[in-house]
Ligand SMILES: CCCCCCCC/C=C\CCCCCCCC(=O)SCCNC(=O)CCNC(=O)[C@H](O)C(C)(C)COP(=O)(O)O
Ligand SMILES: Nc1ncnc2c1ncn2[C@@H]1O[C@H](COP(=O)(O)O)[C@@H](OP(=O)(O)O)[C@H]1O
């Protein structure tokens, strides 16, 4: 008997995984199945990695710009670590290097409001989440609001209030920082009575200097978190509009890691039903995406400006780390933990 019988050949190359099995077969239905992925579901896809890499690259480029640019080297004022900016502002190297620049005052300082507004516009207009401009409650809308809720909670705890002072303020104090009232003796005496001003805002508002500790950059944190939130939400919609679909990896109930195409509500996905929009609905859909892209673009520019003109390298780095931790919680944890995914869902799924 010859070894070359078809049966023998199959026995000798016994596949060890479903992937091997699918790869070794002709184009049968089993080959078309999505096979389990061996990569961690917690990791971003290639496109996501590329897009998320823009943040550290922006921070590094901004910091290098401030070292090398003629405008910063020739500025009449110097970087002052206590003010975390060029001081006095009149000699700053650029309009964007002053705290009172209009984009800082009305955009970044109200950054969570703009992020929320842009996300709300996308959620109520985009047909991938529910009927455009109709107040229908859909699972995808509820999950988008839940993701926003988690991100908002993190934003609040980090920058606004955490059962008292916000985490950035607590961290500042823990690392040896304090509020120093330099000029006004009355305020100084008042401060002695109250022991200390516990938040950066209260300290600065009383004319004090918030100094001595490690001040995580609130701007870096807010600009990265807000723009990544919008980016991660609209990315699947943008890809789909261009006929693309980069599959993400998710762990399903059985413990297997599969690609997103394999699951929708826990079942194998059918070909999506095309959504037919009226002309007006299409206009609003486009507007929703444009508003989000606009907020992301302006956030990127302000992040670059913060990197170039404000804070130390380390303060920017910790702002980036805290923002990425929040992004992980909202967008990557649900991919690997089905119970979390059941609540938060995933954009576009
Ligand atoms: C899919 C989303 C649905 C939302 C559903 C909610 C229903 C809402 C109905 C209407 C929507 C519009 C109202 C939106 C409310 C959003 C709540 C807010 O965010 S209001 C707060 C605005 N404030 C800010 O954005 C402050 C931002 N600033 C900071 O975080 C800090 O100042 C800083 C990080 C920039 C650092 O500050 P510094 O002083 O240390 O420099
Ligand atoms: N891109 C930017 N444009 C203007 N001011 C900025 C800025 N980035 C940071 N700042 C200012 O630098 C200080 C530290 O910012 P943060 O810790 O939030 O990153 C803040 O000052 P004030 O608190 O005095 O307004 C903030 O307004």
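In the numbering used here, the protein residues as written are 19 to 367.
By construction, the Cβ of each residue, glycine as well, lies at the ideal position given by its N, Cα and C atoms.
Predicted model, so just to flag it, every value in this text is computed and none were measured.
Backbone secondary structure at residue i - three-state DSSP
i	result
residue 179	coil
residue 42	With a pLDDT of 41 at residue 42, under the threshold of 50, the modelled position of that residue is not reliable, and the figure given next carries that caveat. In the structure shown, residue 42 sits in coil (DSSP, three-state: anything other than H, G, I, E or B).
residue 109	helix
residue 61	coil
residue 251	helix
residue 12	As shown, the chain starts at 19 and ends at 367. That puts residue 12 outside it, with no answer to give.
residue 363	coil
residue 261	coil
residue 103	strand
residue 129	helix
residue 226	strand
residue 189	helix
residue 119	coil
residue 48	Confidence at residue 48 is low in this model, with a pLDDT of 38, below 50, so the placement of that residue is unreliable and no value is reported for it.
residue 71	coil
residue 93	coil
residue 234	coil
residue 196	strand
residue 349	helix
residue 354	helix
Distance CB(residue i)-CB(residue j) smaller than 8 angstroms
i	j	result
residue 306	residue 158	no
residue 109	residue 94	yes
residue 184	residue 175	yes
residue 90	residue 106	no
residue 235	residue 337	yes
residue 278	residue 268	yes
residue 295	residue 150	yes
residue 70	residue 59	no
residue 266	residue 353	yes
residue 239	residue 310	no
residue 141	residue 147	yes
residue 198	residue 243	no
residue 166	residue 137	yes
residue 254	residue 153	no
residue 316	residue 121	yes
residue 368	residue 303	The first residue shown for the chain is 19 and the last is 367, placing residue 368 beyond what the model contains.
residue 313	residue 132	yes
residue 68	residue 264	no
residue 125	residue 320	yes
residue 318	residue 76	yes
residue 358	residue 351	yes
Open item on the list: Quick test of the definition: if touching needs 3 or more C-beta pairs under 8 angstroms, does the region 243-262 touch the region 326-336?
Closed with: Verdict: no, contact absent.
TODO: Please go through the region 268-343 and give each complete beta strand (DSSP E) segment of 3 or more residues, from N-terminal end onward.
DONE: Whole beta strand (DSSP E) segments, 3+ residues: 275-277.
TODO: Could you name the residues whose beta carbon sits closer than 5 angstroms to any heavy atom belonging to ligand 2, keeping them in chain order?
DONE: That gives 102, 117, 122, 235, 236, 237, 320, 323, 324, 328.
Open item on the list: Would the region 161-171 count as touching the region 317-325 if we require 3 or more Cβ pairs under 8 angstroms?
Closed with: Touching, no.
TODO: Give a yes or no on contact between the region 180-194 and the region 213-231, applying the rule of three or more CB pairs nearer than 8 angstroms.
DONE: Enough Cβ pairs lie closer than 8 angstroms, so yes.
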